[in-house]
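From first to last, the protein sequence lines stand for chains A and B. Residues 0 to 175 (numbering that gives the first Met the number 0) are what the first sequence spells out, left to right. Residues 0 to 522 (numbering that gives the first Met the number 0) are what the second sequence spells out, left to right. All residues carry an ideal CB built from backbone N, CA and C; glycine is no exception. Just so we're clear, the structure is a prediction, and the values are computed from it rather than from any experiment. The structure appears below as C-alpha cells.
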Amino acid sequence: MVTIYDGKPGLSRRELLKRGGIGALLVISGSAVISPEHAWGLETSALKPETMATLIQMARDIYPHDQVPDKYYAIAVKGHDEQAGKDSAYKTMIEDGIAELDKKSGDGGYRGLGWEEQRVAVLKQIEATPFFQAIRGGLVVSLYNQKEVWPIFGYEGESFSKGGYIARGFNDIEWL
Amino acid sequence: MATAFDLNNDGVVVIIGSGAGGGTLGNELAQKGVDVVILEAGARHEYEDFINDEWDSFTQLAWKDKRTTSGDWRVAKDFPNLPAWIVKSVGGSTTHWAGASLRFQEHEFKALSTYGKVESATLLDWPITLAEMEPYYAKAEAKMGVTGTNDWPRLPGNNNFKVLKAGADKLGYKECHTGNMAINSVERDDRLSCQQTGFCFQGCKWGAKWSTLYTEIPKGEATGHLEVRPNAMAIKINHDASGKVTGVVYADKDGKLQEQKARIVAVAGNSIESPRLLLNSSSGKFPDGLANSSGQVGKNYMRHTTGSVYAIFDKPVHMYRGTTMAGIIRDEARHDPSRGFVGGYEFETLSLGLPFMAAFLDPGAWGRSFTTALDHYDHMAGLWIVGEDMPRAENRVTLHADMKDEHGMPIAEVHFDDHPNDTAMRNHAYKQASALYAAVGATRTFPTPPYPSTHNLGTNRMSEKAADGVVNKHGQSHDIKNLFVSDGSQFTTGAAENPTLTIVSLAIRQADYIAAQMSAKTI
Ligand SMILES: Cc1cc2nc3c(=O)[nH]c(=O)nc-3n(C[C@H](O)[C@H](O)[C@H](O)COP(=O)(O)OP(=O)(O)OC[C@H]3O[C@@H](n4cnc5c(N)ncnc54)[C@H](O)[C@@H]3O)c2cc1C
Ligand code: SF4
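As C-alpha cells, this is what we get:
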C-alpha cells in the first residue's frame, strides 16, 4: 500500500517539518518519502523509500514542468510501488534500474547531481532500457491524467455539467 | 422491448457491426420490412453514459483487443498493439467520430484514370461514379443533418477555427469554413443542437452529433424488424455445399459459441475486423477465406495520409472549447501533381485534451523540448491533415500466425508502409500548415506524426472485375451472392475526404439493392 499524506490526516505539517531537515526537498523517513516544505508524504511498501524519492526526481526530469509541484510527480509514480508489491520481477527491474542510475551518476547518486542537464545526460544513457520505458510510458498517462494538474496547464476538463462552452467562451478569442 | 429473432430463423439478414455501415444498413432494411439481426461485439452505452474524459472514455468505448503491427509507419513503433483508434460498442466508431461529412470529388472515383499508373501502388477506378452516388449522398446528408446542406446553417466557429481562418486568409486560401458536419446546428430529429462541449471524440453527451447509436438503431428497432445483439463477437461465417453463406458463429456475452442462421450476411466490422472475419472463415471449399478467390481480402489497406500541426501563440486560444473538428480548408484537396504528389488533402481543425496531447504530440518524446510545448497548452491551436493515400498490395491485414484472442480466433496483424506519395503529401501539408500558423504569429509549430488510424479503408475493395477486388459495385461479394461487405473496407481508393458520409451513402444504396434482390428472389 502506498499512502499519500496531504497535510492532515496522517502527518501534521509540524510533524513533517520536525522529521525533515531545513531546506531538504525530499526527506526519507522510515518507509516514507516526505516533503517537509509542502506537507505531504508518500509511504512505500514494496520499494525502498530512497528508490521512490529517486523515481520522483526522475519523473520530474523526464517531464519537467517547473510549475507542477513534486506531489503530483509522487502520485504519478506511486503505481510502481503497488506493481512491485504484486510482482517480484517488476520490483527487481525497478530497484536494479534505480541502482544502475545511481551507479552511472557517481558518488552522490542520481539525486546528488545538481543540474537537470547532468541528470538528463544519465537518463539518455538508459533511454532504451525496459526500465526507462516502463517509467516514461506509465508517466505520460499517470502524470497528465491527474485532474488536479489540468488547471495548471489551463485545461478545463469536463464541460458537460456546465452546459458546454456555448455560453462560456468557445469563441472568445480577441487578439486575432 | 425490441424484437428478438430466433437463432434458427434463416430468413434474416445478419449484419456484423453496428457502426456507420452496419447500423445504417440495418435501419434501411428494417424500414423496408426486412428482418435484420445486427451482431455487435461491443456493449451498449447510451449517450447519457458517455464520459467527458479522454482516457476513461477510451476505456469505455475503444477497441482494445490486441492487434499487432509492422511496416515503416511510425504507429508501428509508437503503438505496436494499437494500429487503429476505433470503437467496440453499439454505434461503432460513429460514437467517437468528429462528424466531418464530405462528398468525394468526381475524379476521386477514377483514381487510376486520373492519376495514371503510380509505381508500387494498386490504384483502380471505382465501379461507380459521382453521378451515381449523388442521390445517395443527398439522402445521407438529410439523414445525418449535415450542416451546410439542406438549408441547415453551418456551426459557429470556435477559437481554434478563428485561428485557422485568419491563417487561411493570410495564405490566400479561398475555401475555408466551419465544414459540413453531421452535428445539429439547429434542433432537429428530436435531438439538441451543438452545445460546444468539446468532447466530440468521447461521444456526444447531448446527442447533437449523428451516431447510429441513437438515430439509425432506435429507428430500426421501432419497426419491429431490427434486433441489435450486443456483446456478440462474430468469429466465423458458415456456408453450405453450394457455397452460399448460411449463418454466423459468434461468441455471446458469456463467451459461449452460438450460430445465428441467415439468408444474407453483411460484414461491417470496419476495415481490420471485416477481412479478419472473412479470412478466419476459410473452409475446405474456400481455403483462402470467404470471398477471396481474387486473393484481395485484407490487401490494399488504407488509412489516409494524416498528421497534425499544432502551434503555440503568445496569447491564449483555448482550442479545446467547442467542436473538435470546427472548420476546414479545402483548397489543397484538388489533384495537382505540380505539388509533387497525386491526389489532395484537407486541413481540418483538431484539438486534443491535455492527457491525449501528452500521449500523441510526439509519442515517446521527453525532456524540456516536449514539456515546454505542453506548458503552453492553452495557447495552442491545431489542425489535422487528411489526404488520399496510395493503396498497396503489401499494406494488408492478415491473421496472426500464432497469437489468438480469448475466443481462439487469430488476432489481426496490420502491415503498413508509407508510399513515397504519402510522404511527399504529408511533408507538403506540414509546410503549408506551419506557414499558415506562422502567418498569424505562431512562436513555435509542431509537425505531429499520425495517430493510430481512425480511418481504416480498402481491405475488401470494390472492383469492376472479380479478379481485381472482393466486392462489386453494390458491395456484394464477387464470389458469393448472399455475402455483402457494408463498411469502409469496400473503398476502392481513399479520396481526400473523411470516409463516413460515403460509407453511409453506400449502405443506403446497398439496402435498396438487397431489398430488390430479395423481392426478385435472386438471393
Ligand atoms: C476519433 C475519431 C474521429 C473520426 N472522425 C471522423 C470524421 O470527422 N469524419 C468521418 O467521416 N469519419 C471520422 N472517423 C471515422 C469513422 O468513425 C469511421 O470511418 C466509420 O465509423 C467507419 O464505419 P464502419 O461501419 O466501417 O465501422 P465502425 O463504425 O467502426 O463499426 C464497426 C463495428 O463493428 C463491430 N465489430 C467489429 N468486428 C466485429 C465482429 N467480429 N463481430 C461483431 N461486431 C464486430 C465493432 O465493435 C464496431 O462497433 C473518425 C473516427 C475516430 C475514431
Ligand atoms: S461540441 Fe457539439 S457535437 Fe461535439 S460533443 Fe459537444 S455538443 Fe456534441
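Residue i to residue j span [Cα, whole Å]
i        : j        : result
A/Ile93  : B/Thr146 : 54 Å
B/Asp48  : B/Trp383 : 28 Å
B/Ile234 : B/Ser192 : 39 Å
B/Cys175 : B/Tyr300 : 30 Å
B/Gly18  : B/Gly90  : 5 Å
B/Gly407 : B/Met232 : 12 Å
B/Ser241 : B/Lys284 : 9 Å
B/Asp478 : B/Phe4   : 28 Å
B/Lys138 : B/His375 : 43 Å
A/Val26  : A/Gly40  : 9 Å
B/Leu81  : B/Leu349 : 21 Å
B/Pro409 : B/Val396 : 12 Å
B/Thr501 : B/Arg460 : 14 Å
A/Pro68  : B/Leu373 : 16 Å
B/Pro152 : B/Thr447 : 32 Å
B/Gly219 : B/Lys63  : 28 Å
A/Lys47  : A/Ser30  : 7 Å
B/Thr452 : B/Arg302 : First, the residue type needs correcting, since residue 452 of chain B is Ser and not Thr in the sequence shown. Cα-Cα distance, rounded: 6 Å.
Continuous beta strand (DSSP E) stretch holding residue i: start and end
i        : result
B/Phe445 : 443 to 447
B/Tyr309 : 304 to 311
B/Ala250 : 244 to 250
B/Pro79  : B/Pro79 -> no beta strand (DSSP E), and no H or E assigned at all.
B/Arg153 : No beta strand (DSSP E) contains B/Arg153, which DSSP labels as neither H nor E.
B/Pro409 : 409 to 414
B/Arg262 : Careful: B/Arg262 lies outside any beta strand (DSSP E) and carries neither H nor E.
A/Gly40  : 39 to 42
B/Arg395 : 395 to 403
Residue i Cβ short of 7 Å to ligand 2 heavy atom set
i        : result
A/Trp149 : no
A/Lys161 : no
B/Trp205 : yes
B/Lys208 : yes
B/Cys199 : yes
B/Thr322 : yes
B/Ile182 : yes
Assumed close pair residue i, residue j - CB separation to whole angstroms, cut-off 8 Å
i        : j        : result
B/Ile271 : B/Ala411 : 5 Å
B/His108 : B/Ile127 : Sequence inspection shows Phe at residue 108 of chain B; the His mentioned does not correspond to that position. 6 Å between Cβ atoms; contact.
B/Gln59  : A/Gly163 : Contact doesn't hold; Cβ gap of about 20 Å is too wide.
B/Met424 : B/Met379 : Not a contact, Cβ separation roughly 24 Å.
B/Leu278 : B/Gly297 : 6 Å
B/Leu123 : B/Glu105 : In fact, because the Cβ distance is near 16 Å, the residues do not count as touching under 8 Å.
A/Ile134 : A/Met57  : 6 Å
A/Val119 : A/Lys103 : No, A/Val119 and A/Lys103 are not in contact; Cβ-Cβ is about 12 Å, not under 8 Å.
B/Val413 : B/Arg66  : 6 Å
Any non-hydrogen atom of ligand 1 within 7 Å of residue i CB
i        : result
B/Thr196 : no
B/Lys87  : yes
B/Pro274 : no
B/Ser192 : no
B/Met318 : no
B/Leu38  : yes
B/Asn269 : yes
B/Asp486 : yes
First through last residue of the alpha helix (DSSP H) which encompasses residue i
i        : result
A/Lys77  : 69 to 85
B/Arg367 : 367 to 374
A/Gln124 : 115 to 125
B/Glu47  : No alpha helix (DSSP H) holds B/Glu47; DSSP gives it neither H nor E.
A/Met57  : 48 to 61
A/Thr134 : What sits at residue 134 of chain A in the sequence shown is Ile, not Thr. Its alpha helix (DSSP H) spans residues 129 to 141.
B/Thr67  : Looking at the DSSP string, B/Thr67 is not in any alpha helix (DSSP H); the run it does join, the beta strand (DSSP E), is 67 to 69.
B/Asp421 : 419 to 438
B/Tyr512 : 499 to 518
CB contact check: residue i to chain E, cutoff 8 Å
i        : result
B/Thr370 : Absent here is chain E; the protein component of the structure consists of chains A and B.
The region 192 to 207 of chain B: which residues have C-beta closer than 8 Å to a C-beta of chain A, in chain order? Cys193, Gln194, Gln195, Thr196, Gly197, Phe198, Lys204, Trp205
The region 50 to 69 of chain A: positions lying closer than 9 Å to chain B by Cβ: Asp60, Ile61, Tyr62, Pro63, His64, Asp65, Gln66
Interfacial residues, the region 150 to 164 of chain A to chain B, with Cβ spacing under 7 Å: Phe152, Gly153, Tyr154, Glu157, Ser158, Phe159, Gly162, Gly163, Tyr164
With 7 Å as the C-beta to C-beta threshold (strictly closer), list the residues of the region 114 to 137 of chain A near chain B in chain order. Val119, Arg135
Give me the subset of the region 371 to 389 of chain B whose CB atoms are less than 9 Å from a CB atom of chain A, sorted by chain position. Listed by position, the residues of the region 371 to 389 of chain B near chain A (Cβ gap below 9 Å) are Thr371, Leu373, Asp374, His375, Tyr376, Asp377, His378.
Give, in chain order, every residue of the region 69 to 87 of chain A whose Cβ lies closer than 8 Å to some Cβ of chain B. Here the close residues number zero.
Residues in the region 34 to 52 of chain B having any Cβ partner in chain A nearer than 8 Å: Asn51, Asp52
If contact means a Cβ-Cβ distance below 9 Å, which residues of the region 290 to 318 of chain B contact chain A? Residues are counted here when their Cβ sits less than 9 Å from a Cβ of chain A; for the region 290 to 318 of chain B these are Phe312, Asp313, Lys314, Pro315, Val316, His317, given in chain order.
Interfacial residues, the region 26 to 42 of chain A to chain B, with Cβ spacing under 8 Å: none
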